[in-house]
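Heads up, the thing below is written out as structure tokens.
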Amino acid sequence: MSRTLGVSRSGFYAWRDRAPSARSTADADLMVRIKAIHTGSRETYGAPRIHAELADEGIQIGRKRVERLMKAAGIAGVSRRKASRTTFRDQRVRPACDLVDRNFYADEPDRLWVADITYVPTWAGFLYLAVVLDAFSRRIVGWAMGHNLKAQLVLDALNMALTQRRPIDVIHHSDQGSQYTSVAFGLRCKKAGVRPSMGSVGDAYDNAMCESFFATLEC
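Using the working numbering, you'd call the opening residue of the sequence shown number 129 and step up by one each time.
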């Protein structure tokens with residue numbers, strides 16, 4: 129084999145017998161944990177959700193590393209089925225700044241909430257579901273369902289979260305849908321001391337935590 133590879137016999141055996149690097153050892157340990165989380169999610173979690181779960185366990189690594197290890201292991205999350213857009217930006221309104229920048233880590237409850245809207249098919253037609261998810265606990269703290277996409281839908285979800293949690297200076301992160309950029313929603317946030325934050329247009333990774341939750345919900 130050493131002749132085929134064009135290396136010396138001693139060089140080949142030295143390469144074969146050398147100890148694995150610290151990086152490869154760490155990757156092997158991470159692979160075990162990633163597979164366990166993926167299996168525990170009924171094989172629905174993708175890289176964003178697994179990355180968040182690892183962060184909860186105190187394992188601080190980059191999402192790209194999680195993606196690389198998942199690809200090497202041949203595992204993937206369940207993608208949300210392509211659906212009709214549920215939110216559209218009101219071009220007349222300036223969106224809030226992105227205070228999150230895809231960093232969904234929170235060190236305690238009610239520091240960061242993420243919100244989004246999806247649709248739920250029923251025998252009678254579609255219902256729309258608005259949720260508010262706490263980034264620390266990964267629990268839904270507010271939700272509302274309705275037959276239309278008016279701003280009241282997200283207001284109801286926010287009001288439930290405010291009533292249940294009574295947060296102080298919480299960040300509320302969403303997309304730039306017209307419901308979240310509406311005057312009524314902005315005024316409610318201001319009155320409650322909520323800091324609105326919005327991701328960029330058309331990029332699911334800017335609200336990956338909610339996207340991952342909806343993927344799990346639809347399984």
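Even for Gly, the Cβ is constructed at its ideal location relative to N, Cα and C.
Distance check for residue j and residue i, CA to CA, integer angstroms please.
{"i": "Asp297", "j": "Ser265", "result": "17 Å"}
{"i": "Leu227", "j": "Leu240", "result": "10 Å"}
{"i": "Glu87", "j": "Asp235", "result": "The requested residue 87 does not occur in the structure, where the chain is confined to residues 129 to 347."}
{"i": "Ala243", "j": "Ile189", "result": "25 Å"}
{"i": "Leu255", "j": "Asp184", "result": "32 Å"}
{"i": "Cys225", "j": "Leu315", "result": "16 Å"}
{"i": "Pro249", "j": "Ile178", "result": "27 Å"}
{"i": "Asp262", "j": "Asp303", "result": "16 Å"}
{"i": "His300", "j": "Tyr308", "result": "10 Å"}
{"i": "Leu277", "j": "Met326", "result": "18 Å"}
{"i": "Arg294", "j": "Phe313", "result": "17 Å"}
{"i": "Arg267", "j": "Arg191", "result": "21 Å"}
{"i": "Ile162", "j": "Val269", "result": "27 Å"}
{"i": "Ala164", "j": "Gly186", "result": "16 Å"}
{"i": "Ala150", "j": "Tyr173", "result": "27 Å"}
{"i": "Val322", "j": "Pro223", "result": "15 Å"}
{"i": "Ile203", "j": "Ser152", "result": "19 Å"}
{"i": "Trp251", "j": "Asp157", "result": "46 Å"}
Could you pull out every residue in the same chain whose Cβ sits closer than 8 Å to the Cβ of residue i, ignoring the five residues on either side in sequence?
{"i": "Trp271", "result": "Leu257, Ala258, Val259, Val260, Ala285, Met288"}
{"i": "Lys210", "result": "With a pLDDT of 45 at Lys210, under the threshold of 50, the modelled position of that residue is not reliable, and no figure is offered here."}
{"i": "Met159", "result": "Leu197, Ala200, Ala201"}
{"i": "Ser212", "result": "Low local confidence applies: a pLDDT of 47 at Ser212 is under 50, so the model's placement there is unreliable, and no value is given."}
Quick one, which of the options has its alpha-carbon nearest residue i's?
{"i": "Thr291", "options": "Asp238, Gln304, Arg151", "result": "Asp238"}
{"i": "Ala320", "options": "Ser306, Leu283, Met326, Ser302", "result": "Leu283"}
{"i": "Phe232", "options": "Val248, His275, Trp251, Leu182", "result": "Leu182"}
{"i": "Thr167", "options": "Gly205, Met326, Arg191", "result": "Gly205"}
{"i": "Arg230", "options": "Ala180, Val322, Trp251, His275", "result": "Ala180"}
Hey, quick one: how far does the beta strand (DSSP E) through residue i stretch, first residue to last?
{"i": "Ala272", "result": "268–274"}
Considering only residues of the same chain and omitting the five flanking positions on each side of residue i, which have a CB-CB separation below 7 Å?
{"i": "Ser310", "result": "Ala279"}
{"i": "Asp155", "result": "Leu197"}
For the alpha helix (DSSP H) that residue i lies in, which residues bound it at each end?
{"i": "Arg293", "result": "279–293"}
{"i": "Leu227", "result": "Segment: none, Leu227 is in no alpha helix (DSSP H) and carries neither H nor E."}
{"i": "Arg196", "result": "191–201"}
{"i": "Ile296", "result": "Premise fails: Ile296 is in no alpha helix (DSSP H) and is neither H nor E."}
{"i": "Pro176", "result": "175–184"}
{"i": "Ala154", "result": "150–168"}
Identify every residue that forms a DSSP beta bridge with residue i.
{"i": "Met326", "result": "Ser302"}
{"i": "Phe313", "result": "Answer is none; Phe313 lacks a bridge partner."}
{"i": "Phe254", "result": "Pro249"}
{"i": "Val430", "result": "The first residue shown for the chain is 129 and the last is 347, placing residue 430 beyond what the model contains."}
Please list, in chain order, all residues of the same chain as residue i whose beta carbon is under 6 Å from its beta carbon, the five residues on each side excluded.
{"i": "Cys317", "result": "Pro324"}
{"i": "Gly274", "result": "Tyr256, Leu281"}
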